[in-house]
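Residue numbers (my numbering): 107 to 530. Ideal Cβ positions, reconstructed from N, Cα and C, are used throughout, including at glycine. To keep things clear, I will list the structure first and then write my remarks on it.
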Ligand code: GLV
Ligand code: MN
Ligand code: MN
C-alpha cells in the first residue's frame, strides 16, 4: 500500500452523534424512523446534511433531482474524481442505520482524510465526492434508487416524469415545489465520470455477525424487480349483493399473494425472495365490496433466469385468477434490473486495507439493492458491509454498534485514500 493508513483518525463519537441527530429528523417517534422524499422532514434533513458537509470543508452542489454532492477537492487541474455515499431516506417505521451509515460514515471518512492531508502536507491526486442519493427507497414513487437511476441513465427523464406518488401527484410538480427546478436530463453523468465508487452500508442480513467477521467485501448485488398488479370489479353493497352475483377483486388478489409466496419457494433457490409489501383496497369501507385492489410485488434473485421463471408464473396466475373472478388483472412493470458485479481492483484494495488493519473480512453478495447497483453501470464500483444486530433492517430494532461503524469507516477512508492516490 502506498499510504500510511494508521494515521487516519476516525472520530467514532462524532459519527454516532451525527447519526443520533439525523434520527431525530423523522416523521415518527424513535426508535422508529420515517423520512420520505421531499416531505418537510426530508427537506430538513437535506439542509442539516448540507450544513454538516460545509462545516467539514466540502464544496456542496445539488442536481435537479436533489442528489447532494460534497467534494473534497484535489486542487489539481484535472477533474478526476472518485466517490462514496449512500442514502438518508428511510422507509416508514424503519431504523436509523440503513443508508445513513454510508452517508455520515462517508462524511467522517472525508473529515479524517482532510485532517490527515492537513497534518501530513500531502495532497490528493483525485477529488473525492460524498453523495447523498435521492430516494434510494421506493416509498414515494414506487421505484427504488431514483437518484442513482437518473445519474446512470437507467431511468430517462421522460420515464421519471411519468412517475406519480400515491396521491396521484407527478414527480415534476413535487420536485419543483421542493425547489429542484433544473433539467432532469442534467442529472445523468458521463460513463466514468468517476474513476471509482465505494459504498459503506450495514449488511441487513445475519452472516457477518454470525461469523464474527468485521467487514463484508461485496462482490455482487442481487437483481431486483417489482411490479404492480391491479384487479378491478364493479364493487357494490356488502349486504345487498348476493355471493353468487359478486365479482370481488380482493379474491384474485388474495390468491395471488399466496401464489407469489409459493412460486418463490417452488421455483426459486436460497437467493430467491418474493414479497407483497403493498396492498391497497378501494374504497376500503367495511360495508362495501372492493372495486379496485392494487398489489405491489418485489421479486429478487442473483440468478436472472430463475427470477424470470418466478415472474412468469406470477404474471400468468394474475391473469388467470383475474379472469376467473371476472375482475381483469392489469400488470404494470416498475423495474426489472440486472445484478451488478463489483470491480475486482477495488475489491483487492478493500481486502488489502482490511489485512493491513487486521480487520477480519469475508466476500459476500448483497441481497438488498443499493445505489451501487446503478453506479456500477457507469463506473468501477464496490461495497463495504458491516454487521448489524441479528441481521435486522427495515425495522426500528435495526442496530449497528459504534465499534462496527468505526471499523467500517476506517476501511472506507483508507480505501478512498488509496484510490485517490495521495502524492507528496
Ligand atoms: C433497499 O432498501 C432494498 O429494498 O433492498
Ligand atoms: Mn432500505
Ligand atoms: Mn439502504
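For the set 492, 250, 244, the Cα lying nearest the Cα of residue 313 is the one of 492. With contacts defined by Cβ atoms closer than 7 Å, residue 408 and residue 417 do not form a contacting pair. By the Cβ-count criterion, residue 217 is buried, with 16 or more other Cβ atoms from all chains shown falling within 10 Å of its own Cβ.
In terms of side-chain proximity, the C-beta atom of residue 195 is found no nearer than 6 Å to any non-hydrogen atom of ligand 2.
Sequence-distant Cβ neighbours of residue 276 in its own chain, meaning closer than 6 Å and more than five residues away, are 270. Between residue 395 and residue 354, the C-beta gap is smaller than 7 Å, which places the two residues in contact. Comparing alpha carbon positions, the residue from 506, 360, 256 closest to residue 497 is 506. The beta carbon of residue 480 lies closer than 6 Å to those of 251, 254, 255, 258, 260 in the same chain, with the five residues before and after it left out. Not a single heavy atom of ligand 3 lies less than 6 Å from the C-beta of residue 454.
Per the coordinates, the alpha-carbon of residue 364 lies some 11 Å from the alpha-carbon of residue 380.
Taking each of 129, 440, 285 in turn and checking the Cα distance to residue 169, the smallest one comes out for 285. Your pair residue 237 and residue 476 does not check out as a contact, with CB atoms roughly 12 Å apart and the cut at 8 Å. In this chain, the alpha helix (DSSP H) harbouring residue 154 covers 146-161. Taking the C-beta atoms as reference points, residue 431 is found no nearer than 7 Å to residue 484.
Judged by beta-carbon spacing, residue 139 lies within the 7 Å limit of residue 129, meaning their Cβ atoms are closer than that value. Distances from the CB of residue 475 to the heavy atoms of ligand 1 include at least one below 6 Å.
Per DSSP, residue 334 is one residue of the beta strand (DSSP E) stretching across 329-338.
As summarised for the segment 419-505, the continuous alpha helix (DSSP H) elements at least 4 residues long and confined to that stretch are 450-463, 478-481, given in chain order. Of all residues, those with a beta-carbon under 5 Å from at least one heavy atom of ligand 3 are 204, 205, reported in chain order. Closest option to residue 352, judged by alpha-carbon separation, among 340, 360, 370: 340. Collapsing the DSSP output to three states places residue 202 in coil.
Distance from the CA atom of residue 455 to the CA atom of residue 279, rounded to whole angstroms, is 43 Å. DSSP places residue 245 outside both helix and strand once states are collapsed to three, so it counts as coil.
In the three-state DSSP reduction, residue 316 falls in the helix class (H, G or I). The residue among 361, 411, 384, 398 with its C-alpha nearest the C-alpha of residue 373 is 411. The distance from the Cβ of residue 155 to that of residue 178 is about 15 Å, inconsistent with a contact at the 8 Å cut-off. Rounded to the nearest whole angstrom, the C-alpha separation of residue 308 and residue 297 is 27 Å. Look at the segment 376-405 and you find these whole runs of beta strand (DSSP E), each 3 residues long or longer: 379-388. In this structure, the CA atom of residue 449 is about 5 Å from the CA atom of residue 486.
Sequence-distant partners of residue 231 (beyond 5 residues in either direction) whose C-beta falls short of 8 Å from its own C-beta, in its chain, are 180, 182, 186, 526, 527, 528, 529. Residue 338 is a Cβ neighbour of residue 433, given a cutoff of 7 Å.
In its chain, beyond the 5 residues on either side, 173, 193, 253, 254, 477 have a beta carbon closer than 6 Å to the beta carbon of residue 239. With respect to residue 319, residue 499 sits apart: the two C-beta atoms are not nearer than 7 Å. For residue 253, the uninterrupted alpha helix (DSSP H) segment begins and ends at 252-258.
No Cβ-Cβ contact shorter than 7 Å links residue 234 with residue 518. For residue 234, the enclosing beta strand (DSSP E) stretches over residues 233-239.
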